[in-house]
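Numbering (the numbering used here), first residue to last: -3 to 240.
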């Protein structure tokens, strides 16, 4: 976890005098012959001088605690290009990577041009994306409401980054994994935006959060990206919570 993060940095218009310890999370989805990670976490120390961690567990070790070897991860779906979500891909050597086509395009090209935005993006992660594409291990998801695996659909429009995505996972009941498109449960309950690509995207983010609730059927089944409450809300053993 990253301790003492001001709530106002996570919830636009949130309380300026409150702080919260945020969880650094990857989500494991198993079924249909796949072992899928939604986001890959991080392990390089590029940004850790700015974001000190408590009880850090490397993503490959975290997956082992859930009973899966890193080499058994077949696929990684990247919600967005920030360092703490895309920085662990190389820990899973056999995984293909799924990323929104426009997210890939922007952060491998325009983001680094004059006027581009690449805050929170590690150049080493971008180099890795390019290499994976050369190796044929990148799958570009083209837009909103795309079924990328049976029962798993990608949705866009929340604009945390240039073309961030979140997932709806079928089930009885279904769940939405929001990643940073919704940081905290407070975003949902207060109808306040998470941080977005630009201030002009706040309304789109709030609309996307409402859509997440519709897709999941309940706000209780939308799982935010960094809220440690998910480890209390769902049955947990140690560092692993089972979403059900």
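The C-beta atom is built at its ideal place from N, Cα and C for all residues, glycine as well. Being a predicted model, the structure only gives us computed values, none of them experimental.
C-alpha distance - residue i paired with residue j, whole-angstrom precision
i           : j           : result
residue 34  : residue 74  : 6 Å
residue 221 : residue 129 : 26 Å
residue 163 : residue 207 : 12 Å
residue 145 : residue 13  : 42 Å
residue 17  : residue 183 : 15 Å
residue 82  : residue 88  : 12 Å
residue 39  : residue 214 : 34 Å
residue 186 : residue 77  : 26 Å
residue 94  : residue 100 : 10 Å
residue 211 : residue 171 : 8 Å
residue 104 : residue 142 : 22 Å
residue 241 : residue 0   : The chain is shown only over -3 to 240; residue 241 falls outside these bounds and no answer can be derived.
residue 47  : residue 169 : 35 Å
residue 66  : residue 134 : 18 Å
residue 122 : residue 114 : 10 Å
residue 112 : residue 3   : 27 Å
residue 109 : residue 118 : 15 Å
residue 153 : residue 204 : 6 Å
residue 28  : residue 71  : 12 Å
residue 177 : residue 188 : 11 Å
residue 231 : residue 173 : 17 Å
residue 229 : residue 125 : 34 Å
residue 233 : residue 62  : 9 Å
Nonlocal neighbours in the same chain, by C-beta distance under 8 Å from residue i, ignoring five residues either side
i           : result
residue 22  : 33, 34, 35, 36, 37, 55, 58, 59 and 84
residue 140 : 150, 151, 152 and 153
residue 5   : 191
Spatially closest choice to residue i from the options, by CA coordinates
i           : options               : result
residue 217 : 209, 223 and 224      : 209
residue 200 : 104, 237, 122 and 157 : 157
residue 15  : 224, 231, 230 and 234 : 224
residue 160 : 166, 137, 169 and 181 : 137
residue 175 : 5, 19, 8 and 64       : 19
residue 120 : 42, 102 and 8         : 42
residue 116 : 132, 191 and 51       : 191
residue 245 : 167, 86 and 234       : It is not possible to answer for residue 245, since the shown part of the chain is limited to -3 through 240.
Own chain partners of residue i with C-beta closer than 6 Å, once the 5 adjacent residues on each side are dropped
i          : result
residue 69 : 31, 33, 88 and 91
residue 9  : 188
residue 98 : 159
Within 8 Å, do at least three Cβ pairs link the segment 195 to 203 to the segment 137 to 152?
no
Could you give the uninterrupted runs of the beta strand (DSSP E) lying entirely in the segment 92 to 147, keeping only those of 3 residues or more?
92 to 96, 134 to 137 and 142 to 145
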